[in-house]
Amino acid sequence: MRLKSCHSFHDFRRMAKARLPGPIFDYIDGGADDEVTYRRNTTAFDRCDLVPNVLRGVGEIDMSVTVMGQRLAMPVYCSPTALQRLFHHQGERAVAAAAGKYGTMFGVSSLGTVSLEEARRISGGPQVYQFYFHKDRGLNRAMMARAKEAGIEVMMLTVDSITGGNRERDKRTGFSIPFRLTLAGMMQFALKPAWAINYLTHESFTLPQLDGHVDMGGGALSISRYFTEMLDPSLSWDDVAAMVRDWGGQFCLKGVMSVEDARRAVEIGCTGIILSNHGGRQLDGSRTAFDQLAEIVDAVGDRIDVIMDGGVQRGTHVLKALSLGAKAVGLGRYYLFPLAAAGQAGVERALDLMRTEIERDMRLMGCASVDQLTRANLRFS
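With positions in the sequence shown counted from 1, the corresponding number in the numbering used here is that position plus 221.
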């Protein structure tokens, strides 16, 4: 399969599956437990119908939005995700460059494989830092100071991962960093020698945000152990309030799902919240962000920027979320599969397809700008 033959999320997923060893594909593709929430994230959009208006004289389309003080040329951004250079040797470099080209925001994770500073040099677009709260408070302070020095515009604290989800696909293959594979996992790597050659002929895999703080080598620290041993399960609203004060800028919480928590985020001075269930990778059976969107927008949408992610695969999904009141929509697997399939060229093609879909769908809806998308254009079945 060739990149020019990819026209949808599903095409990119098939191309990535053909290229990646099974354990790495499953790490991207998998969810927690029975993966019920993972599947619902996308099917939730199917229960919502669009009601277009015609003869509205739609000429130029303006799909730009401002979210947490950042001007985006399109209402989607590349949500920060971990370990990207495992999927393709360009990793976050490809995502930063593609996001910059398309005028949108991107993020680097605490578990990112390219440094905040290098990503900042690649893209002129706004950059977020996806932060995990560690038991070592000194480490937290050092990482925040580094992000400030790097010129990060938005601090994004993930609050739904104080312990790792039960990702059984990873357990079956023995996926960890560094690799501690089961026999079945090793066999799957052997079937994809091109990936191994690519991986071994490029620079060594590192986690630059954690260099000097975490031994990912001799201790064989797995991803699940990172979540269960290094992150602080006692993280509280008081801790987050202190972080918001220390950061002194745009600060959002990723993983908020209840109205009560959304209100607390407003009270402590957050400027944004991201409704998210971590792509169905944490608490299986949790509600989808799209299904929670309306009630949270109604409760706090006039005081804080409400964003959502999870399951977004089409431009129509984005329009439905914006119509309910989301200020922007985060993409995860939507750009990770293209990254795995073809590096920067893959991410650029995926963002181009999404931009084209959004523009076409706005025309078909009779909307020339994002602010014309309202709940009057939606019906739920």
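Glycine is no exception: its CB is placed at the ideal position from the N, C-alpha and C atoms.
Check this for me: beta carbons of residue i and residue j, under 9 Å apart or not?
| i | j | result |
| --- | --- | --- |
| Ser479 | Gly531 | no |
| Glu606 | Arg535 | Within the shown structure, residues of the chain are numbered from 222 to 602, placing residue 606 beyond reach of any answer. |
| Gln471 | Gln291 | yes |
| Leu560 | Val316 | yes |
| Gly385 | Gln503 | yes |
| Val521 | Ala486 | yes |
| Asp505 | Thr258 | yes |
| Gly243 | Leu412 | yes |
| Ala253 | Glu450 | no |
| Asp283 | Ala589 | yes |
| Leu557 | Ala239 | no |
| Thr334 | Thr394 | no |
| Tyr248 | Asp391 | yes |
| Ala303 | Ser336 | no |
| Phe352 | Ala368 | yes |
| Arg524 | Cys227 | no |
| Leu241 | Trp416 | yes |
Of the choices the options, whose alpha-carbon is the least far from that of residue i?
| i | options | result |
| --- | --- | --- |
| Thr509 | Val518, Arg524, Gly490 and Met529 | Met529 |
| His423 | Gln593, Ile489, His309 and Arg584 | His309 |
| Leu224 | Leu307, Val568, Glu450 and Ser285 | Val568 |
| Gly372 | Arg393, Ile343 and Glu338 | Glu338 |
| Ala515 | Lys548, Arg260, Ser507 and Val533 | Lys548 |
| Cys299 | Ser602, Asn262 and Val533 | Val533 |
| Lys475 | Ile245, Asp247, Val272 and Phe354 | Phe354 |
| Met295 | Gly551, Asp459 and Ile383 | Gly551 |
| Gly606 | Val375, Thr537, Gly553 and His228 | The chain is shown from 222 up to 602; residue 606 falls before or after that span and cannot be answered. |
| Asp270 | Met575, Thr537 and Trp416 | Thr537 |
| Ser467 | Glu488, Ala366 and His228 | Reading off the sequence, residue 467 comes out as Asp, not Ser. Considering only alpha carbons, the answer is Ala366. |
| Glu281 | Ser457, Ser425 and Gly587 | Gly587 |
| Ser455 | Phe601, Ile383, Gln348 and Met464 | Ile383 |
| Ser602 | Val272, Asp432, Ala566 and Asp250 | Val272 |
On the DSSP bridge list, what partners appear for residue i?
| i | result |
| --- | --- |
| Asp270 | Arg600 |
| Asp283 | Ser590 |
| Val472 | Val is not the amino acid found at residue 472; the sequence shown has Phe there. Answer by DSSP bridge pairing, in chain order: Met376. |
| Phe327 | Cys299 and Gln348 |
| Gln291 | Val288 |
| Val477 | Leu496 |
| Val550 | Val297 and Met529 |
| Leu452 | His355 |
Confirm the yes/no value for this check: CB of residue i, any heavy atom of the ligand NAD, distance under 8 Å.
| i | result |
| --- | --- |
| Gly386 | This structure simply doesn't include the ligand NAD, nor any ligand for that matter. |
Minimum length 3: unbroken beta strand (DSSP E) runs contained in the stretch 489-534
Here the runs fully enclosed are 493-496 and 526-530.
Check whether the stretch 488-507 touches the stretch 376-384, counting contact only when three or more Cβ pairs, one atom from each stretch, lie closer than 8 Å.
yes
Quick one: which unbroken alpha helix (DSSP H) runs of 4-plus residues sit fully inside the stretch 346-392? Chain order, please.
Whole alpha helix (DSSP H) segments, 4+ residues: 358-371.
Are there three or more Cβ pairs, one per stretch, closer than 8 Å when the stretch 510-524 is compared with the stretch 536-550?
yes
Below 8 Å, can you find three or more Cβ-Cβ pairs linking the stretch 349-360 to the stretch 310-323?
Contact between the stretch 349-360 and the stretch 310-323 is not established, with fewer than three Cβ pairs separated by less than 8 Å.
If contact is defined by three or more beta carbon pairs under 8 Å, each pair taking one atom from either stretch, is the stretch 339-347 in contact with the stretch 317-326?
yes
How do the stretch 583-597 and the stretch 268-283 stand: do at least 3 beta-carbon pairs fall below 8 Å, yes or no?
yes
Three-pair Cβ contact test at 8 Å for the stretch 282-297 versus the stretch 321-333
yes
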